[in-house]
Each structure stands twice: as structure tokens, then as C-alpha cells.
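The opening residue of the sequence shown carries number 1 in UniProt numbering; numbering runs sequentially from there.
Even for Gly, the Cβ is constructed at its ideal location relative to N, Cα and C.
Here the structure is a predicted model, which means the values were calculated and not measured.
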Amino acid sequence: MSSNMNLDAKKATEIKLFSFSTPAMRAFHMTWLAFFVCFFAWFACAPLMPVIAGEFNLTKAQIANINIAAVAITIVIRLIVGPLCDKYGPRKTYTALLILGSIPVFGVAAANTYESFLFFRLLIGAIGASFVITQYHTSVMFAPNVVGTANAAAAGWGNAGGGATQAIMPLILGAIIMFGVEQAMGWRIALLVPGIMMVIVGILYWKLTQDSPQGNFKELREQGIDAGNTKKGGTAILMQAARNYRVWILFISYAACFGIEIFIHNIAAMYYVDHFNMGLKEAGLTAGIFGLLALFARALGGIVSDKVAANKGLDGRTRILFLLILGEGLFLIIFSQMNTVILAVLAMTVFALFTHMACGATYALVPFIDRDALGGVAGIIGAGGNVGAVAAGFLLKGLLDIQTCLMILGCLVTVAAFSVILIRFSVEHKEQEQHLFKQALLERNSTA
1 MSSNMNLDAK
11 KATEIKLFSF
21 STPAMRAFHM
31 TWLAFFVCFF
41 AWFACAPLMP
51 VIAGEFNLTK
61 AQIANINIAA
71 VAITIVIRLI
81 VGPLCDKYGP
91 RKTYTALLIL
101 GSIPVFGVAA
111 ANTYESFLFF
121 RLLIGAIGAS
131 FVITQYHTSV
141 MFAPNVVGTA
151 NAAAAGWGNA
161 GGGATQAIMP
171 LILGAIIMFG
181 VEQAMGWRIA
191 LLVPGIMMVI
201 VGILYWKLTQ
211 DSPQGNFKEL
221 REQGIDAGNT
231 KKGGTAILMQ
241 AARNYRVWIL
251 FISYAACFGI
261 EIFIHNIAAM
271 YYVDHFNMGL
281 KEAGLTAGIF
291 GLLALFARAL
301 GGIVSDKVAA
311 NKGLDGRTRI
321 LFLLILGEGL
331 FLIIFSQMNT
341 VILAVLAMTV
351 FALFTHMACG
361 ATYALVPFID
371 RDALGGVAGI
381 IGAGGNVGAV
391 AAGFLLKGLL
401 DIQTCLMILG
411 CLVTVAAFSV
421 ILIRFSVEHK
431 EQEQHLFKQA
441 LLERNSTA
């Protein structure tokens, strides 16, 4: 489906969940699907690590290196893809990431040494940058009154791929073994599944989406219409975003919520196997609870942020974010101290709810930081999540004890929550955004 230019088209003021007829809703559904598949592929190795570790005779330090590699390169790629969206459009950027990102997913299935596995695991981390494109595309398509909900829902449903892979990959491996395939070959065959999914969704993304409500950036520019950011190169867009102190506070807040989320995805199954002596399938299903809660919890964070913003404006969005990260930190501390399975799962569930909602509330603020450098803002803040995950990985490597590591991380998250209080907006900024918010509500009501 090529772009149908409509120069009078405006951002969507409501989310028609079961619709696929408008550019905004096609983008919404394709962004969460693409992110789901990328997240599924990104952490497909994690629930199989007990098997892979046994085959390669991996030490705890080597496993820690693999976990760090899985999220390290994403920092760089997230910084790059934000400005690429501004320059080339989210449609081209996402399609390229899905197709090219499938290559290391296939490569890790062919690894036969620790070094080659580590190399491909590092490259797979690039697909984690899909999150930035997801948030960019929904920010371009939806108006201020629903953009927080759209961003959070698309990202939350995509994040659920991390929970789905924890539960599904061990089942795929089990099914393959039932057909008589040796376990050493079975995990390799299982890892081909997410790679194939990425290729299919990459083709669909190209065919079904367009860059903005008006059309694709390239076609709009050929008509002399501004689209994205053509006035500045990628570096200039990034630097404009980097000069905004609010970006770095949200960088810290996202490190505290999404960084912890992807760290948990990497270690949860191993933690339940080692600490509670669970089997691989049981540990995968239990760890999967954490990720699957993103199906609604992240969206809930965005919805709450939008609702509070209706009366309290941007200041209300920051207060909600502070409370959610504070709750996340406190319940992570509680989770780390649980020594029975039932109490651990209950504490993890509450901790997960706060974590996913905090992620949603963070990106409910992103579209309002700097509209002229949206790609750079989304990229830097998105990279913060991976910086948090890498830092957590190095902490675990130094401690080699997951329970102690979780306790320390809980304390750090609690402290990080207070940085959000430092975010301030000028009176003019708040008035302008509130005007746009009310204008979007009027447009929605007039078309209802």
C-alpha cells in the first residue's frame, strides 16, 4: 500500500482500536506488532540460556557478558534511529531495521563457540532500537489528547513480546524435541522462528504504513511541504535534543524503569531456576508473567498520564511519573527479599505493574519536550533504558549474586525517582501545550 497523500489530514484525536482503515490506526497496529516481534527476537535466547550455557560450558561471568552484550549496542543504535526517522521517515527506518536485524537472529542459531554466540548476541541488541521508531511513529500520528495513550499502548503491547518469548521459546524447544530432534540442535531450530517473524513483519510494515497522516516524507517533500526535519542533519537534531536538561532527567528515569525491565527479561528465568530450583518450562512461564503484564500496564501508565494532564497539564504528568518510579523501586526491594516462590511471584507482579506503568508515563511526556527535535529526544531517552540495563549487567557481573544485585538496584531506582521532581516547564510552554491539548479535544468532539 503506497502512501495516499492528503494534505488536509490531521493527527488522530482518538484511538479506534478495532480499525485498520486510517493511516494512524495502521501505524498504531503495525508499530506494536513490529516492536512485539523485535522484542520477542531480542530476548528469545534468555529462556533457553540454561540449555545454551550447558552446551557451551559457560561460566557465570560469561553469561553476564552475554547479558551485557544483548543490550549494549542498542544504546548506539537508538541514538541513530531517532534522527533517521526525522530524515527518512519511520516507515523506511523500521523496515530496514526489521530486515537487517533478522540476520544476527539467524546467525546466533548457527553459533558453535562462546565467542561467536557473544558476537551475534551483541548484534541482535540493535533491534532493541525498534522501540524508538515505535514511539516516533505514534507521536507523529496522534494528537496531544491521546498521544500518551497511543505511545504507551503500542510500546506496552510490543513489550509483551519479552514476556511471550519467556513462555513460548521453551515450549517451542519442547515441541521440537518431541519430534525426535536432539536438544543441542533443537534450540538452534527454535531460534530460527523469531528471525522468520521479523522478515515477514518487515515486508508488511513497508506495504501497510506511511510516515505521517499527510503521507510519506519523501513524497511530501517533493511537493515542497515540510515533513520530519530536513533543515538539520541527524547530528544537529541530536545535539538540539541533548541541550535540553529535561531529556537527561527522562534519560535517568527511563534507565530506572525500562533498563530494569530488560535486565529482568535477561535474568528472570535463570533466577527462578537457580534460586527456587524450578524446571526450564516452569521458570520460563513464571518469568513470562513480568513481560506479559506490559499488555495493559504500560498502556495504563500512558492513560493515567493523559487523564491527569487534562486538568494538571505537564506538571501532572511529571508527578505521576515520580510516584510510579518510586513504587517500582520499593517493590523491587521487596521482590529481592522474597525466599518463597509464591511471595516472590506476588512481589514481582506488583513491581512489574509499577515498572511498565512508569515506562508508559515516561514516553507520555516525550512528545512535549521538544517538538522540533522529536527524533533526537526519543533516541536519547530510549538509549537511557539500555544504559540502565548495561549498568545493571555490570553490577551483576561484579557481584555474581542476583538477589543482592536486585536489592541494590531497588535502592538505586528509588533514588532515581526523585530526579523527576526537577523537571520544570515555562509558563509559555505549558500554556501552548494545554492549548494544543484542548484543541485536539474539540476536534475529536466535533467529529464524534
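Are the Cβ atoms of residue i and residue j separated by less than 7 Å?
i    : j    : result
G388 : G186 : no
G291 : I68  : no
M198 : L48  : no
I237 : P90  : no
A299 : E328 : no
S336 : M278 : no
L118 : I196 : no
A378 : Y136 : yes
T13  : A143 : yes
V105 : P194 : yes
F43  : T165 : yes
Y272 : A283 : yes
G360 : G302 : yes
A9   : Q223 : no
T355 : E443 : no
L280 : F425 : no
W32  : G161 : no
I334 : A347 : yes
T209 : A34  : no
L123 : G202 : no
Q240 : A373 : yes
V81  : I133 : yes
I177 : I267 : no
I381 : L293 : no
A109 : L171 : no
What is the DSSP secondary structure of residue i, counted as helix, strand or coil?
i           : result
F142        : strand
P80         : The sequence shown places Ile at residue 80, rather than the Pro named in the question. DSSP places I80 in helix when its eight states are reduced to three.
residue 450 : The question about residue 450 has no answer, for the chain in this structure spans 1 to 448.
M1          : Confidence at M1 is low in this model, with a pLDDT of 47, below 50, so its placement is unreliable and no value can be given for it.
M239        : helix
E182        : coil
Q403        : helix
G215        : coil
T95         : helix
residue 502 : Outside the shown range of the chain (1 to 448) lies residue 502, about which nothing can therefore be said.
G224        : coil
A44         : coil
I289        : helix
F322        : helix
S130        : helix
M198        : helix
R424        : coil
H274        : Before going further, note that residue 274 is Asp rather than His in the sequence given. Helix at D274.
L191        : coil
M338        : coil
N386        : helix
N65         : helix
G279        : coil
Residue i: buried (16+ other C-beta within 10 angstroms of its C-beta) or exposed?
i    : result
M1   : Residue placement at M1 is flagged as unreliable, the pLDDT there being 47, under the threshold of 50; the coordinate-derived value follows with that caveat. With fewer than 16 other Cβ atoms within 10 Å, it is exposed.
S139 : buried
S446 : exposed
E428 : exposed
I421 : exposed
F418 : exposed
K438 : exposed
A173 : Looking at the sequence shown, residue 173 is not Ala but Leu. Classification of L173: buried, given that the 10 Å Cβ count is 16 or more.
S253 : buried
V415 : exposed
L7   : exposed
K207 : exposed
S102 : buried
D86  : buried
A61  : exposed
A70  : buried
E433 : buried
R78  : buried
L343 : exposed
Going by the DSSP bridge assignment, what does residue i pair with across the sheet?
i   : result
A12 : F142
Got a sec: is the Cβ-Cβ distance from residue i to anything in chain B below 7 Å?
i    : result
L436 : The chain labelled as chain B is not found in the depicted structure, where only one protein chain is given.
Could you check if residue i belongs to the surroundings of the ligand FMN, using beta carbon to heavy atom distance under 6 Å?
i    : result
A241 : In the structure on display, the ligand FMN does not appear, and there are no ligands present to speak of.
Point to revise | Cβ contact (3+ pairs, closer than 8 Å) linking the stretch 294-313 and the stretch 359-367 | key: Contact holds: three or more Cβ-Cβ distances are below 8 Å.
Review point. Is there contact between the stretch 239-250 and the stretch 113-128, where contact requires at least three CB pairs shorter than 8 Å?
Key: Contact fails: fewer than three Cβ-Cβ distances are below 8 Å.
Point to revise | Segment contact flag, the stretch 49-56 with the stretch 350-357, C-beta cutoff 8 Å, min 3 pairs | key: Because the criterion of three Cβ pairs below 8 Å is not met, the stretch 49-56 and the stretch 350-357 do not touch.
Check your understanding: Is the number of C-beta pairs between the stretch 219-227 and the stretch 25-39 that are closer than 8 Å three or more?
Key -> A contact between stretches requires three or more CB pairs, one per stretch, nearer than 8 Å, and the stretch 219-227 fails this requirement with the stretch 25-39.
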